[in-house]
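If you're matching them up, the sequences are chains U and W in order.
Counted from 1, the first sequence has number 83 at position 93 by my numbering; the numbering is strictly sequential.
With positions in the second sequence counted from 1, the corresponding number in my numbering is that position plus 525.
Below is one structure, written out as structure tokens; comments come after it.
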Amino acid sequence: MKFRKIFYSQKVAPYVFVVPFILSFFFFWVYPLITAFTMSFQDIGAITSEWIGFANYTKLLKDNVFHIAVMNSVKYMFFTLVLLIPFPMLFAVLMDSHLVKAKGVWKAILYMPALTSVVISGTLFRLMFTEYTTGQMNIISSFLGLGTYKWLKMGWSGMLALLIVACWRWTGVNMLYFLSGLKSIDTALYEAADIDGASGWQKFRYVTLPLLKPTTVYVLTISVYAGLSMFLESYMLWAGNSSPNNIGLTIVGYLYKRGIEKNDMGYACAVGVVLLVVALIINFVQLIFNGTFKKEEQ
Amino acid sequence: MAKQKTMSGTPQRRVGTILGTGFFLILSLIIVFPVFAGLLASFRPGTQLIRRGLAIDLDISTMNLDNYTYLFSGNADSQKYFMWYKNSLVITIVSVTLTLLICYFVAYGLTMYDFKFKNLLFTIVLATMMVPFEILMLPLYKEIIAFKLIDTYTGVIIIGLCGASTIFFFKQYLSGLPKDLLDAARIDGCNEYSISVRIILPLAKPAFASMGILCAMGSWNAILWPLLVLKGAEKFTLPIGLNTLLTPYGNNYDVLIAGSMFGILPILVIFLIFNRYIIDGMTAGAVKG
Chain U
-9 MKFRKIFYSQ KVAPYVFVVP FILSFFFFWV YPLITAFTMS FQDIGAITSE
41 WIGFANYTKL LKDNVFHIAV MNSVKYMFFT LVLLIPFPML FAVLMDSHLV
91 KAKGVWKAIL YMPALTSVVI SGTLFRLMFT EYTTGQMNII SSFLGLGTYK
141 WLKMGWSGML ALLIVACWRW TGVNMLYFLS GLKSIDTALY EAADIDGASG
191 WQKFRYVTLP LLKPTTVYVL TISVYAGLSM FLESYMLWAG NSSPNNIGLT
241 IVGYLYKRGI EKNDMGYACA VGVVLLVVAL IINFVQLIFN GTFKKEEQ
Chain W
526 MAKQKTMSGT PQRRVGTILG TGFFLILSLI IVFPVFAGLL ASFRPGTQLI
576 RRGLAIDLDI STMNLDNYTY LFSGNADSQK YFMWYKNSLV ITIVSVTLTL
626 LICYFVAYGL TMYDFKFKNL LFTIVLATMM VPFEILMLPL YKEIIAFKLI
676 DTYTGVIIIG LCGASTIFFF KQYLSGLPKD LLDAARIDGC NEYSISVRII
726 LPLAKPAFAS MGILCAMGSW NAILWPLLVL KGAEKFTLPI GLNTLLTPYG
776 NNYDVLIAGS MFGILPILVI FLIFNRYIID GMTAGAVKG
């Protein structure tokens, strides 16, 4: 049994272990990625497909609906970064202090929204943003003397609704990321800062903030991706992929609409390639700004 | 420590504690609110949702269990609901079991051996995380059609079996174990595969717990991919099934609201039991950057 012997040898075993990944990598990553690129240069019909060069891309440049989708996604990403990095970080610092009791309870509750399916949370929020006077958001806005709104029918309030859902779902998760980052900071550094007479703010600015950097970069990276590829929140909030004047349309929503609903796969793949390029550029710039590459050179 | 204890007694400190804890109490109330409102609504007729939204109404006398008895009564709607529930359970259990085993063995191979393409492979694992799934979605959809896996559970499960983040987590965990164990087992005559199953796998139980729960949550709540693959209503998973109850033309809120609340239940129970492992698994990538 020569085969048996080879199969059991220490030289061959590692390859046997990683084979599933290699297969999955080629079938479910390399091949689809290449196909996405090639399909974006084609007009995909039911039976035959035609090579049309950059026609899909030039069409995208002039496509108003696509511009709206990109603007929506970029705006959403930008505001989620503004809302979902500094605040969870501050909450984590506060949670980590001696000022908070029953930490476990708050952590569990704040994490809970991430457990619920988008179908359920989207439905609940759609009902809260209803245009009727009994909707929670209208109760709050009329309490503040701002009157009532048709929340899901106007651009700014539609975006606000999406952001509120995002904050509801991810504040706790991001806070946990920062908390685990804080745990890895050596307490001796704070003691040293205390001896030097540092104020609370100085300790935050010169000890906490720099040492949280790996965590911040991580959260930033996943937030950029999550923000740009958001789709389901909008899909649930408007009970489908169409919103009035496309106020809730995102890049992936447009990809879905073109590729699945209108069966125009080539054009949809061009949308996907644009999404990939935008995401990679943003992340690359962000990694350079954060000095991730520099650190590796040292 | 002693110093802190005495300080916590000062009035100033106590006010700080009240403010700090109060802040999280309020934040938690805001977070719980939508689910609480949904729970209240599930005890009232679905038509109320359309008229009044999630209006908070604590009047017990107007509440009843009608939605839940309807859900459990065995009528056509409830049969559909429990079929979706069962589908979700099957898909979740199968995909979690397979994903964990496959990712564990891949990570084991990447951690415990030195071989030619090891670093390249690990770089590739990390690189696959850099492309949003949505871009691959349409080609994958065509691929699944070509493989004749459309409208099958296999089609839903197969593309997620080698999750890069799961491999990454297992690798982090396994690299903390002493490699001498392998040599000791080899001397005792254990072959490479038995070592991975009988010696190292039991040691990796906490990693299995963390990743298992995260995968289970992901699978239980997955929408986008199952929505593409599954076509027949009898194959739907719970989220997709619930989603079909919502149409622009009319909503079946009675089943939806009770079904939603009942659908959160398994995840909530798992979370309450294993919440430490979930947090460990989730934050593993964040600290190392």
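C-beta atoms are modelled at their ideal positions from N, C-alpha and C, and glycine is treated no differently.
This one's a predicted model, so the numbers in the text were calculated from it and none came from an experiment.
Please classify residue i: does DSSP put it in a helix, a strand, or coil?
i                      : result
residue 222 of chain U : helix
residue 753 of chain W : helix
residue 34 of chain U  : strand
residue 134 of chain U : coil
residue 202 of chain U : coil
residue 702 of chain W : coil
residue 528 of chain W : For residue 528 of chain W, the pLDDT reaches just 45, beneath the cut-off of 50, and the residue's location in the model is therefore unreliable, leaving the point undetermined.
residue 771 of chain W : strand
residue 91 of chain U  : coil
residue 287 of chain U : Annotation note: pLDDT 47 at residue 287 of chain U (below 50); position unreliable, no value reported.
residue 252 of chain U : coil
residue 655 of chain W : coil
residue 549 of chain W : helix
residue 188 of chain U : coil
residue 125 of chain U : coil
residue 280 of chain U : coil
residue 639 of chain W : coil
residue 687 of chain W : coil
residue 676 of chain W : coil
residue 539 of chain W : helix
Compute the Euclidean distance between the alpha carbons of residue i and residue j, then round it to the nearest angstrom.
i                      : j                      : result
residue 140 of chain U : residue 561 of chain W : 24 Å
residue 804 of chain W : residue 167 of chain U : 9 Å
residue 67 of chain U  : residue 563 of chain W : 28 Å
residue 116 of chain U : residue 151 of chain U : 9 Å
residue 153 of chain U : residue 717 of chain W : 51 Å
residue 266 of chain U : residue 20 of chain U  : 14 Å
residue 52 of chain U  : residue 545 of chain W : 52 Å
residue 295 of chain U : residue 55 of chain U  : Here chain U comprises residues numbered -9 to 288, so residue 295 of chain U is not present and cannot be evaluated.
residue 274 of chain U : residue 8 of chain U   : 29 Å
residue 211 of chain U : residue 277 of chain U : 9 Å
residue 145 of chain U : residue 134 of chain U : 21 Å
residue 626 of chain W : residue 248 of chain U : 37 Å
residue 143 of chain U : residue 217 of chain U : 21 Å
residue 322 of chain U : residue 191 of chain U : The requested residue 322 of chain U does not occur in the structure, where chain U is confined to residues -9 to 288.
residue 759 of chain W : residue 605 of chain W : 7 Å
residue 64 of chain U  : residue 264 of chain U : 13 Å
residue 242 of chain U : residue 733 of chain W : 32 Å
residue 800 of chain W : residue 748 of chain W : 23 Å
residue 81 of chain U  : residue 736 of chain W : 26 Å
residue 27 of chain U  : residue 668 of chain W : 15 Å
residue 537 of chain W : residue 136 of chain U : 38 Å
residue 227 of chain U : residue 113 of chain U : 7 Å
residue 687 of chain W : residue 170 of chain U : 26 Å
residue 558 of chain W : residue 585 of chain W : 18 Å
residue 290 of chain U : residue 215 of chain U : A question about residue 290 of chain U goes unanswered here, because the residues of chain U that appear run from -9 up to 288.
residue 15 of chain U  : residue 641 of chain W : 18 Å
residue 203 of chain U : residue 62 of chain U  : 28 Å
residue 109 of chain U : residue 613 of chain W : 14 Å
Could you give the first and the last residue of the continuous alpha helix (DSSP H) run that contains residue i?
i                      : result
residue 181 of chain U : 177 to 185
residue 14 of chain U  : 3 to 15
residue 141 of chain U : Segment: none, residue 141 of chain U is in no alpha helix (DSSP H) and carries neither H nor E.
residue 153 of chain U : 145 to 173
residue 111 of chain U : 108 to 118
residue 245 of chain U : 241 to 246
residue -5 of chain U  : -8 to -2
Where do the N-terminal and C-terminal ends of the beta strand (DSSP E) with residue i fall, by residue?
i                      : result
residue 668 of chain W : Here residue 668 of chain W belongs to no beta strand (DSSP E); instead the alpha helix (DSSP H) covers 658 to 671.
- Count the C-beta pairs between the region 672 to 685 of chain W and the region 749 to 758 of chain W that are closer than 8 Å, then say yes if the count reaches three, no if not. yes
- Message: Three or more C-beta pairs under 8 Å: does that hold for the region 69 to 82 of chain U against the region 179 to 193 of chain U?
- Response: no
- Any alpha helix (DSSP H) of 4 or more consecutive residues that is wholly inside the region 707 to 750 of chain W: 730 to 746
- Item | Cβ pair count under 8 Å reaching 3, the region 791 to 806 of chain W against the region 94 to 113 of chain U | yes
- Fully enclosed by the region 15 to 88 of chain U, which beta strand (DSSP E) runs are 3 residues long or longer? 32 to 34 and 39 to 41
- Message: Quick check on the DSSP output: what are the complete alpha helix (DSSP H) runs of length 4 or more inside the region 571 to 628 of chain W, in order along the chain?
- Response: 571 to 577 and 591 to 597
- Decide if the region 629 to 637 of chain W is in contact with the region -7 to 2 of chain U; the criterion is three or more beta carbon pairs, one per stretch, under 8 Å apart. Result no; under three Cβ-Cβ pairs closer than 8 Å.
- Task: Could you tell me whether the region 635 to 642 of chain W touches the region 229 to 237 of chain U, using the rule of 3 or more Cβ pairs below 8 Å?
- Result: no
- Are the region 242 to 260 of chain U and the region 27 to 46 of chain U in contact at 8 Å, needing three or more beta carbon pairs? yes
- Message: Count Cβ pairs between the region 722 to 742 of chain W and the region 638 to 649 of chain W that sit closer than 8 Å; are there 3 or more?
- Response: no
- Any chance the region 196 to 209 of chain U sits against the region 170 to 180 of chain U, with 3 or more Cβ pairs inside 8 Å? Because the criterion of three Cβ pairs below 8 Å is met, the region 196 to 209 of chain U and the region 170 to 180 of chain U touch.
- Message: For the region 120 to 133 of chain U against the region 777 to 793 of chain W, do three or more pairs of beta-carbon atoms, one drawn from each stretch, fall closer than 8 Å, so that the two count as touching?
- Response: no
- Item | Sufficient close CB pairs (3 or more, under 8 Å) joining the region 585 to 602 of chain W to the region 657 to 671 of chain W | With a cut-off of 8 Å on Cβ pairs, the region 585 to 602 of chain W is not in contact with the region 657 to 671 of chain W, counting fewer than three such pairs.
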